[in-house]
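*Asks:* Please find one structure pasted underneath; my questions will follow.
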Amino acid sequence: MTTTIMKTTARIVVPIVLVVAVSLLLQGHNLPGGGFIGGVLTTAAFALIYVAYGLDYLEIGVLGREVESGAGIFEHRSVTAYKRTFVFGLAVAVGSGLAALAFDEPFLTQTYTIVEHVPIYHEIELASALVFDVGVYFVVVGGLLTILSVVGGE
-15 MTTTIMKTTA RIVVPIVLVV AVSLLLQGHN LPGGGFIGGV LTTAAFALIY VAYGLDYLEI
45 GVLGREVESG AGIFEHRSVT AYKRTFVFGL AVAVGSGLAA LAFDEPFLTQ TYTIVEHVPI
105 YHEIELASAL VFDVGVYFVV VGGLLTILSV VGGE
């Protein structure tokens, strides 16, 4: 059982951690950060929810998954969903590398384009490395949430 202070802290800190995680994910192709650290921070936010409220709250209340009683830990529906997240991220990351081959470029070649006349920002640089970072993000989130769910369920 956790304290009211822990639950209140989690309510305040988790949104901030998630905003920082998304920020690091989006700036990763130009500045330090990227999919790995964004995924780690996202999982850390989910771990904080788990510590404050418990695994069932994380699974049912936050992630919207059903919890089955009596299922083995590796057959648990959430573990399967996390594995799918991992595989999806791996497919996106490898697909971003293979896309360069379609244009007769080496594997994982990066390119970018500048989009002008964007409200507030005026112009935005869109890099193909962002797709790879998103893939890495999903790999890290899927893998770490699988670990968290398996260890937390025991």
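Heads up: the sequence shown runs through residues -15 to 138, numbered per the working numbering. Even for Gly, the Cβ is constructed at its ideal location relative to N, Cα and C.
My understanding is that residue 32 touches residue -6, with C-beta atoms under 8 Å, so please give their C-beta distance in whole angstroms.
*Replies:* That pair is a contact at about 5 Å.
*Asks:* By the three-class DSSP mapping on this structure, what secondary structure does residue 105 have?
*Replies:* Coil, per DSSP.
*Asks:* With burial defined as no fewer than 16 other Cβ atoms inside 10 Å of the residue's Cβ, what is the status of residue 91: buried or exposed?
*Replies:* Exposed, since its Cβ has fewer than 16 Cβ neighbours within 10 Å.
*Asks:* Return the chain-ordered list of same chain residues with a C-beta closer than 8 Å to the C-beta of residue 110, the five sequence neighbours on each side being excluded.
*Replies:* Excluding sequence neighbours, residue 110 sits near 96, 97, 98, 99.
*Asks:* Considering only heavy atoms of the ligand NAD, does any lie closer than 7 Å to the CB of residue 96?
*Replies:* You won't find the ligand NAD in this model; it holds no ligand whatsoever.
*Asks:* On the CB-based measure, 16 or more other CB atoms within 10 Å of its CB, does residue 13 come out buried or exposed?
*Replies:* Answer is buried; the Cβ neighbour count reaches 16.
*Asks:* My understanding is that residue 118 touches residue 76, with C-beta atoms under 8 Å, so please give their C-beta distance in whole angstroms.
*Replies:* Yes, residue 118 and residue 76 are in contact; Cβ-Cβ is about 6 Å, under 8 Å.
*Asks:* Taking a contact to mean a Cβ-Cβ separation below 8 Å, would you say residue 27 touches residue 124 in this structure?
*Replies:* In contact: residue 27 and residue 124 (Cβ atoms closer than 8 Å).
*Asks:* What are the boundary residues of the alpha helix (DSSP H) that residue 23 is part of?
*Replies:* Residues 19 to 37.
*Asks:* In whole angstroms, what is the alpha-carbon distance linking residue 106 and residue 66?
*Replies:* About 38 Å.
*Asks:* Go to residue 92, then tell me how far its alpha helix (DSSP H) extends in each direction, as first and last residue.
*Replies:* Looking at the DSSP string, residue 92 is not in any alpha helix (DSSP H), and its letter there is neither H nor E.
*Asks:* Looking only at its chain, what residues have a beta carbon closer than 7 Å to the beta carbon of residue 103, apart from the 5 residues adjacent to it on each side?
*Replies:* Same-chain partners within the cutoff: there are none.
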